[in-house]
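Heads up, the thing below is written out as structure tokens.
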Amino acid sequence: MSDSAPIQSVATTLTILETMAQTNGPVGVSELARAVGATKPRIYRHLRTLVDHNYVMQDPVTEKYLLTIKLFHIGQSVAGQIEFLSEARRIMPALRQQVNQTVSVGQIEETGVRILDIIKSRSEIEITSPPGTLFDFHSSAQGKIALAFGPQHLWDQTKDQALRQWTHKTITDIPQLETEIDLIRTQGWAVAPEEALIGINALAAPVFERSGVLAGTISIVGSVQHITPQPAPSLIDAIQAAAHQVSLRLGHTGARLPA
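Going letter by letter, the sequence shown gives residues 278 to 536 in the numbering used here.
Below is the structure:
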């Protein structure tokens, strides 16, 4: 057996888990085989191993498979080890209380910004993206923060690809997006009114580590009636103050970004 065979086996298992996590409800072997691009016997062998280790369970009636809560507990354990998230959680409740909007924090990945945690608003209308949601760089306030303050290669790879048009307001023109990113870098905050979802806007600000590197984003999410394309000064001040507080907790000594 070649050295690459065990690695490929692990990759298949991880792909199965990721595919199941994105599926709403139990999934069958045939469906997984099509999604993963592997044979049914191979998928079945991986599923049996995952069942034996309590990561997956099988519905005795439908014989389909679904994830167990074990992965959730692992995720919670990992989240508790992320210093940025730990410090952000100390600030999030006060920010939600101040603005009465859903508050979220996100971590920068190679293909977008991943939501790590949220605190929902007290509004009767629930507007939220659950932890684990991955936002594109170009169509989200959090993603634009990453393009403005994150590593240069994130912008380089974004401008060299076709940008997905989520709504009629999604910015897919590179020069227009570049102009906005330059503005965000100057003003210290970003919005994406109805660019990912009609009726929804987010206001985000950057959080920095001790070294000055972007640690992640903190944002508030709500309807475009409450978070307008040009947000109220009170909301901008609130999100920037919260981001600065988290940055200070991470050891960053730089001045707060201008509004």
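Virtual Cβ for every residue (Gly too), placed ideally from N, Cα, C. Remember, predicted model here, so these are calculated numbers, not experimental data.
Considering residue i, what are the terminal residues of the beta strand (DSSP E) in which it resides?
{"i": "Glu386", "result": "Thr379 to Glu386"}
{"i": "Thr494", "result": "Leu491 to Ser500"}
{"i": "Leu344", "result": "Tyr342 to Leu344"}
{"i": "Leu480", "result": "Ile477 to Phe485"}
{"i": "Leu393", "result": "Gly389 to Ile396"}
{"i": "Gln299", "result": "Counting along the chain, Gln299 falls outside any beta strand (DSSP E), and DSSP gives it neither H nor E."}
{"i": "Val333", "result": "Val333 to Gln335"}
CA-CA distance, residue i and residue j?
{"i": "Tyr342", "j": "Leu324", "result": "8 angstroms"}
{"i": "Met278", "j": "Phe485", "result": "The pLDDT assigned to Met278 is 44, lower than 50, so where the model puts this residue is not dependable; a value taken from the coordinates is nonetheless given after this. Near 46 angstroms, if we compare the C-alpha coordinates of Phe485 and Met278."}
{"i": "Asp329", "j": "Arg322", "result": "11 angstroms"}
{"i": "Trp432", "j": "Ser488", "result": "21 angstroms"}
{"i": "Ala515", "j": "Thr435", "result": "29 angstroms"}
{"i": "Thr463", "j": "Ala532", "result": "14 angstroms"}
{"i": "Ile451", "j": "Leu440", "result": "9 angstroms"}
{"i": "Arg366", "j": "Gln335", "result": "35 angstroms"}
{"i": "Pro370", "j": "Ser416", "result": "26 angstroms"}
{"i": "Ile458", "j": "Ala298", "result": "32 angstroms"}
{"i": "Tyr387", "j": "Gly352", "result": "The question names Tyr, yet the displayed sequence has Glu at residue 387. Distance between the alpha carbons of Glu387 and Gly352: 19 angstroms."}
{"i": "Arg311", "j": "Gln429", "result": "36 angstroms"}
{"i": "Glu308", "j": "Val490", "result": "42 angstroms"}
If I follow the unbroken alpha helix (DSSP H) through residue i, where does it start and stop?
{"i": "Asp433", "result": "Gln429 to Lys436"}
{"i": "Arg325", "result": "Lys317 to Asp329"}
{"i": "Pro452", "result": "Ile451 to Gln464"}
{"i": "Leu525", "result": "Pro510 to Arg526"}
{"i": "Gln374", "result": "Glu360 to Val376"}
{"i": "Leu309", "result": "Val306 to Val313"}
{"i": "Gln419", "result": "Ala418 to Phe426"}
So which of the options has the shortest CA-CA distance to residue i?
{"i": "Thr505", "options": "Ala518, Gly476 and Ala515", "result": "Gly476"}
{"i": "Leu567", "options": "Ile346, Arg367, Pro318 and Glu340", "result": "Summary: the structure shown does not reach residue 567, with the chain confined to residues 278 through 536, and so no result is reported for it."}
{"i": "Val468", "options": "Ser400, Leu424, Asp433 and Leu431", "result": "Leu424"}
{"i": "Lys421", "options": "Leu393, Gln453 and Arg399", "result": "Gln453"}
{"i": "Pro470", "options": "Arg487, Ile458 and Gln502", "result": "Gln502"}
{"i": "Ile320", "options": "Ser363, Thr296, Thr339 and Pro337", "result": "Thr296"}
{"i": "Val498", "options": "Leu512, Leu327 and Ala492", "result": "Leu512"}
{"i": "Ser398", "options": "Gln375, Thr530, Ile351 and Ala310", "result": "Gln375"}
{"i": "Ser400", "options": "Gly409, Gln378 and Gln507", "result": "Gln378"}
{"i": "Asn478", "options": "Ser500, Ile461, Val490 and Leu460", "result": "Ser500"}
{"i": "Ile461", "options": "Gln507, Gln438, His430 and Ser307", "result": "Gln507"}
{"i": "Gln517", "options": "Val490, Glu387, Gln438 and Ile368", "result": "Ile368"}
{"i": "Arg526", "options": "Val287, Lys317 and Ser363", "result": "Ser363"}
Return yes when the Cβ of residue j is within less than 8 angstroms of the Cβ of residue i, no when it is not.
{"i": "Thr300", "j": "Val313", "result": "no"}
{"i": "Glu472", "j": "Thr456", "result": "no"}
{"i": "Val380", "j": "Leu372", "result": "yes"}
{"i": "Ala520", "j": "Leu480", "result": "no"}
{"i": "Thr449", "j": "Leu474", "result": "no"}
{"i": "Gly465", "j": "Leu534", "result": "yes"}
{"i": "Gly493", "j": "Ile385", "result": "yes"}
{"i": "Ala482", "j": "Ile495", "result": "yes"}
{"i": "Ile303", "j": "Thr339", "result": "As written in the sequence, residue 303 is Pro, which differs from the Ile given in the question. Yes. Within cutoff."}
{"i": "Val306", "j": "Lys317", "result": "yes"}
Can you give me the Cβ contacts of residue i inside the same chain, cut-off strictly under 8 angstroms, excluding the 5 residues immediately before and after it?
{"i": "Asn269", "result": "Residue 269 falls outside the range modelled here, since the chain spans only 278 to 536, and no answer is possible."}
{"i": "Pro407", "result": "Ile392 and Ile395"}
{"i": "Gln442", "result": "Thr449"}
{"i": "Val287", "result": "none"}
{"i": "Ile359", "result": "Gln384 and Leu393"}
In its own chain, which residues sit with a C-beta less than 6 angstroms from the C-beta of residue i, not counting the 5 before and 5 after it?
{"i": "Ile284", "result": "none"}
{"i": "Leu411", "result": "Gly389 and Arg391"}
{"i": "Phe361", "result": "Ala492 and Gly493"}
{"i": "Asp413", "result": "Gly389 and Gly420"}
{"i": "Thr530", "result": "none"}
Starting from the C-beta of residue i, find all residues in its chain whose C-beta is less than 7 angstroms away, skip the five residues before and the five after it, and write them out in chain order.
{"i": "Ser524", "result": "Val484 and Phe485"}
{"i": "Ala315", "result": "Thr289"}
{"i": "Gln522", "result": "Ile368"}
{"i": "Phe349", "result": "none"}
From the beta carbon of residue i, is the nearest beta carbon of chain D less than 8 angstroms away?
{"i": "Thr300", "result": "Protein chain content of the structure displayed is limited to a single chain, and chain D is not contained in it."}
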